[in-house]
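Asker: Quick note: the sequence shown uses the working numbering, first residue 102, plus one each step.
We put the beta carbon where it would ideally sit given N, CA and C, even for glycine.
My structure is below; once you've seen it, I'll send some questions.
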Amino acid sequence: MEPEHMTRNTPQAGGATPSSPMLRGIRKPDFFVVGAPKCGTTAIHTYLSSHPDVYMAKKERHFFGKDLRPAGYAGPHNDLDWYLDFFKGWSGERRVGEVSVWYLYSRTAAQEIKAFNPEADIVVMLRNPVDMIHSLYNMFVWVKDLTPGGVIDAETKQALTLEEALETQERRKAAFEQCALDPAFGRNRRAELRLFHTDVAMYAAQVQRYFEAFGREHVHVILYDDLKRDPATTYAGLLAFLGVDPVLPERFEVINSNREIKNARLHYLLKTHDSMGRIRHYGRRLVPVSWRKKVHRWLMDLNVRRKPREPMPEHIRTFLRDKFRPDVERLSALLDRDLVALWY
């Protein structure tokens with residue numbers, strides 16, 4: 102069972118806390134939902150964003166985790182002012198947070214967050230690793246990113262099957278790492294968007310990093326199973342950890358159900374930087390930016406249909422269960438909860 106949360110982040114007068122002073126005139130975050138991906142983080146972000154005492158930045162800022170960026174990266178995620186800008190909307194809420202799902206997997210994010218805010222609280226969300234890998238694979242198929250090392254063949258634009266993706270994961274990792282050494286390749290690409298391999302679901306060492314950096318009492322672990330089975334109680338437990346009033350949503354709706362693309366050509370047109378760059382170049386002369394964003398979102402939504410996820414082939418499920426079991430046993434000991442019984 103989790104130890105009782107120690108309230109060193111108790112808000113004081115004026116809305117600031119000892120762990121979250123103003124930085125460059127902006128209230129910096131005092132808690133971080135660090136992942137893992139496909140474990141209910143979008144739902145938690147949605148619920149927290151509706152809480153009157155919680156300010157949430159836009160999801161997936163990924164300012165921390167510099168080990169996941171290619172060599173030569175020159176995108177905005179290295180800019181502190183860019184990051185702090187997402188918290189400018191704070192208006193006195195007791196807690197300030199953000200959700201970035203690759204912080205958990207990153208080898209460096211825990212210490213980077215620790216340096217940024219030594220007394221931050223951490224929320225970890227976990228799921229049966231076999232199911233997480235299956236969901237992650239389907240997400241990358243949906244995203245259709247063509248970066249070398251991904252699950253989409255850059256020439257055919259066809260997705261690898263789940264079995265092919267697993268069989269080629271070492272080769273794909275090597276291909277991406279080789280490309281990432283090229284500064285031109287790495288200028289504006291975020292490596293975490295291509296990370297499909299089983300290492301992502303080896304949770305034990307990832308969780309241990311945060312326990313060691315922040316202390317067990319300041320790391321709150323949520324299991325996807327609990328969130329799905331009893332969202333009200335699970336979410337109330339998170340609010341208690343954060344020290345805010347138990348204000349619950351009227352409804353706990355399903356977020357991020359499985360999707361598929363209707364028209365691949367339209368999807369690539371909307372997603373690729375070159376195509377959208379040309380559209381923005383001509384569109385800005387004719388259409389206000391707010392309208393362009395609405396039209397872009399409308400076209401993206403129009404090109405998507407909800408679809409039940411194809412079941413995982415049984416031989417792949419057996420392979421993954423065997424692969425993950427030693428790590429699940431270590432995680433069980435770490436969390437003092439029998440996850441083998443829950444997930445196996």
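Look at the alpha carbon of alanine 276 and the alpha carbon of alanine 137, and state the distance between them as a whole number of angstroms.
Answerer: Translated into the one-based positions of the sequence shown, residue 276 becomes position 175. Translated into the one-based positions of the sequence shown, residue 137 becomes position 36. Rounded to the nearest angstrom, the two C-alpha atoms are 24 Å apart.
Asker: Helix, strand or coil for histidine 146 per DSSP?
Answerer: Stepping through the sequence shown from its first residue, residue 146 is reached at position 45. If DSSP states are grouped into helix, strand and coil, histidine 146 belongs with the helices.
Asker: So what's histidine 152 in DSSP terms, helix, strand or just coil?
Answerer: Numbered from 1 along the sequence shown, position 51 holds the residue referred to as residue 152. In this structure, histidine 152 counts as coil in the three-state DSSP scheme.
Asker: Ignore the nearest five residues each way along the sequence and tell me which others in valine 155's own chain have a CB closer than 8 Å to its CB.
Answerer: Position 54 of the sequence shown, counted from the first residue, corresponds to residue 155. Correct list, in chain order: Leu149, Glu194, Arg195, Arg196, Val197, Gly198, Leu343 and Val345.
Asker: Between histidine 416 and tryptophan 191, what straight-line distance do the alpha-carbon atoms span, to the nearest angstrom?
Answerer: Locating residue 416 in the sequence shown gives position 315, counting from the first residue. Locating residue 191 in the sequence shown gives position 90, counting from the first residue. Whole-angstrom Cα-Cα distance: 50 Å.
Asker: Taking just the CA atoms, how far does leucine 349 sit from leucine 328?
Answerer: Taking the first residue of the sequence shown as 1, we reach residue 328 at position 227. Taking the first residue of the sequence shown as 1, we reach residue 349 at position 248. Rounded to whole angstroms, leucine 328 to leucine 349 spans 13 Å at the Cα level.
Asker: Taking only three categories from DSSP, how would you classify valine 221?
Answerer: Sequence index remark: in the sequence shown, residue 221 carries index 120 (1-based). Note on residue identity: the sequence assigns alanine, not valine, to residue 221. The answer is coil: DSSP assigns alanine 221 none of H, G, I, E or B.
Asker: By alpha-carbon positions, which one of Gln279, Glu265 and Ala341 ends up nearest to glutamate 318?
Answerer: Locating residue 318 in the sequence shown gives position 217, where the first residue counts as 1. The shortest Cα separation from glutamate 318 among Gln279, Glu265 and Ala341 belongs to Ala341.
Asker: In three-state terms, what does DSSP make of glycine 141?
Answerer: Position 40 of the sequence shown, counted from the first residue, corresponds to residue 141. It is coil, neither helix nor strand.
Asker: Can you list, in chain order, the residues of its chain with a C-beta nearer than 6 Å to that of arginine 438? Leave out the 5 residues immediately preceding and following it.
Answerer: As a first step, residue 438 is located in the sequence shown; it is residue number 337 there, counting from the start. None.
Asker: Please list the terminal residues of the continuous beta strand (DSSP E) segment that includes glycine 432.
Answerer: Taking the first residue of the sequence shown as 1, we reach residue 432 at position 331. Residue identity check: residue 432 is leucine in the sequence provided, not glycine. Taken as a continuous stretch (DSSP letters only), leucine 432 belongs to no beta strand (DSSP E), being part of the alpha helix (DSSP H) at 415-436.
Asker: For asparagine 289, count the other beta carbons within 10 Å of its own beta carbon; 16 or more makes it buried, fewer makes it exposed. Which is it?
Answerer: Position 188 of the sequence shown, counted from the start, is the residue given in the question as residue 289. Note that asparagine 289 scores a pLDDT of 48, beneath 50, so its modelled location is shaky; the value from the coordinates is reported in the next line. Result: exposed.
Asker: Measuring only the C-alpha atoms, how far is proline 130 from methionine 226?
Answerer: For the purposes of this step, residue 130 is taken as residue 29 along the sequence shown, with counting starting at 1. For the purposes of this step, residue 226 is taken as residue 125 along the sequence shown, with counting starting at 1. Their backbone Cα atoms lie some 18 Å apart in a straight line.
Asker: If you draw a straight line from the C-alpha of proline 219 to the C-alpha of leucine 403, how long is it?
Answerer: Within the sequence shown, the letter at position 118 stands for residue 219. Within the sequence shown, the letter at position 302 stands for residue 403. One C-alpha to the other measures close to 44 Å.
Asker: In angstroms with no decimal places, state the Cα-to-Cα distance between threonine 77 and glutamate 354.
Answerer: Look at the range of the chain in this structure, 102 to 445, and you will see that residue 77 is not part of it.
Asker: Taking the CB atoms as reference points, tell me whether serine 201 and aspartate 168 lie closer together than 7 Å.
Answerer: Sequence index remark: in the sequence shown, residue 201 carries index 100 (1-based). Sequence index remark: in the sequence shown, residue 168 carries index 67 (1-based). Contact flag unset, no.
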